[in-house]
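Each residue of the sequence shown is one higher than the last, beginning at 1 in the working numbering. The beta-carbon is built from N, C-alpha and C at its ideal position, and this holds for glycine as well. Input: a single structure, listed below in C-alpha cells.
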Amino acid sequence: MVLTSCVGGAVVSAAPVGTPVLRSPAGGYEELFVPSGMGPIKIQVQWAARGGSSALYILDGLRAPHDHNQWTSDTDALRQFAGDNVTLVFPVGGRSSFYTDWYRPSGTNGQETTYKWETFLTSELPDFLAGYGVSRTNKAIVGASMGGGAAMTLAAHHRDQFRFAGSFSGFLNPTFPVWNEAVRAAMWDEGRFNVDDMWGPVGDLAWSRNDPTVQAELLRGLPMYVSAGNGTPGALDLPYGVGNTVNAMGLEATAAVGTGIFRDRVAALGIPARVEIVDGTHTWPYWGRALATARPMILDVLGAH
C-alpha cells in the first residue's frame, strides 16, 4: 500500500507501508496520511534539520480544525525548531477528543467513529513514523489547553516512549468537581460532544486514568514543563479583541487553578517539575511563548541540538 503526502500543495507518494527507510529526510515539511482504526489521520511534519531520529509531538486544543493543526497556523512553532535536529509531528483533527480512547462514539452529535486517539498516538503513529527512521522511544510530547493535559497523561502511561512532557494551560485535574463540569460544558459547546461517551460518568476509572494530578506518581523522573497564565491580559491579547480577551481571561484563571493543584501535588510527592504561572490568558501567542521556553529543555533531553 502506498500512501500519499502533500508537499507545498503538491501530492506525492509516501513510503509504502512496511518499507523500511533508514533515516528521516533532512529538513523540509510534509503532510502525510497515517492509517488508523479511525480512518486515515492527517499529520503535519517538519523533519529534523539533519535527519535525526528524535521527535516532538505537538497536540492541538479543544477546537482542533479538521484540516490543520493550529500550532502551525497560530504560532511560530515551525520556525522555532527549523534549525533543530528534531522532527515536529502535528496530529490534525480530534476536536473535543482529549486525545484519549473513548468508550463509544458521542451519542449526542451523530458521531460515527469512536475516537481512539491514545491508540493512534502511542501505537499506530509511532509504527508509521518508524518507517521514516523516527524513534519510537526518543520523543517528547507537549500540548495546549485540551492537548496539555492529554500530553501529560500520555507521557504518564507511556514512559517507554516519551522522555519529556509539557502542558500549556492544560486541563490537569479533570476529576476536580469544578473541572469535570467545565469539561462537560466545553465539549458540549465545541461540537455537542458527550463526555459520558468519552470517560463514562464522573467516578469512572477512565476519569482518574486521564487526570495528570491523580497520575502524578507515574511522572516521577520525567522532565516536565507545565505553565499557565494567571488571566491577566497583555500585549499579546490585543489582536484578538475585547470579547475574546474577556473569555480568555476566565478560561485561563481556571487553568491556573488546575495548574496550581498539579504543582502542589507533585511538590507533596517530591517529584521535580518546572511549573510556572505567569501573566497571560488562554490565547495562542502565550502558548507559542511557552513552547519557546520549553524548547531548550526538549532539545537537551532528546539530544537534538
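How many angstroms separate the CA atom of H66 from the CA atom of I43?
11 Å
What is the DSSP secondary structure of Q44, reduced to helix, strand or coil?
In this structure, Q44 counts as strand in the three-state DSSP scheme.
Quick one: grab the DSSP three-state call for V278.
strand
Helix, strand or coil for R104? Go by DSSP, reduced to three states.
coil
Give every residue of the same chain whose Cβ lies closer than 8 Å to the Cβ of V7, excluding the five residues on either side of it in the sequence, and list them in chain order.
Residue confidence is low: V7 scores 42 on pLDDT, short of 50, so the model does not pin down where it sits. Its coordinate-derived value is still stated next. The residues are G28, Y29, E30, E31.
My guess is that T281 and D211 are in contact by the Cβ rule of under 8 Å, so how many angstroms apart are they, rounded?
So it is not a contact: roughly 24 Å between Cβ atoms.
How close, in whole Å, do the beta carbons of A228 and V266 come, if the pair is a contact with beta carbons under 8 Å?
No, A228 and V266 are not in contact; Cβ-Cβ is about 14 Å, not under 8 Å.
Buried/exposed call for E181, threshold 16 Cβ in 10 Å:
exposed
Using the C-alpha atoms, what's the distance from A155 back to G221?
The straight-line gap from Cα to Cα measures roughly 11 Å.
In terms of alpha-carbon separation, which member of L59, F164, Y103 lies closest to D204?
Y103
Reducing DSSP to helix, strand and coil, say where V183 ends up.
helix
Kindly give me the distance between the Cβ atoms of G37 and Y99, rounded to whole angstroms, as I take these residues to be in contact under 8 Å.
Not really, about 14 Å apart at Cβ, beyond 8 Å.
Would the beta-carbon of A294 fall within 8 Å of that of V142?
yes
E217 (DSSP reduced to helix, strand or coil):
helix
Integer-rounded CB distance, given that L218 should sit under 8 Å from T75
Between L218 and T75 the Cβ distance is about 29 Å, and since that is not below 8 Å, they are no contact.
Tell me the DSSP secondary structure of I298 in three-state form.
Reduced to three states, the DSSP call for I298 is helix.
How would you label M1, buried or exposed, when you count the other beta carbons within 10 angstroms and need 16 or more for buried?
Only weak support is given to the placement of M1: the predicted model assigns it a pLDDT of 40, under 50, and the question is left unresolved by the model.
When DSSP builds the beta bridges, which residues end up paired with S227?
Looking at the DSSP output, S227 sits in a beta bridge with F168, E276.
Are the CB atoms of G260 and I271 nearer to each other than 8 Å?
no
Check whether the stretch 154 to 169 touches the stretch 191 to 201, taking contact to mean three or more Cβ pairs, one atom from each stretch, closer than 8 Å.
By the Cβ criterion, the stretch 154 to 169 is not in contact with the stretch 191 to 201, since fewer than three pairs of Cβ atoms, one from each stretch, lie closer than 8 Å.
My output table needs one value for S5: the three-state DSSP class, helix, strand or coil.
Only weak support is given to the placement of S5: the predicted model assigns it a pLDDT of 45, under 50, and the question is left unresolved by the model.
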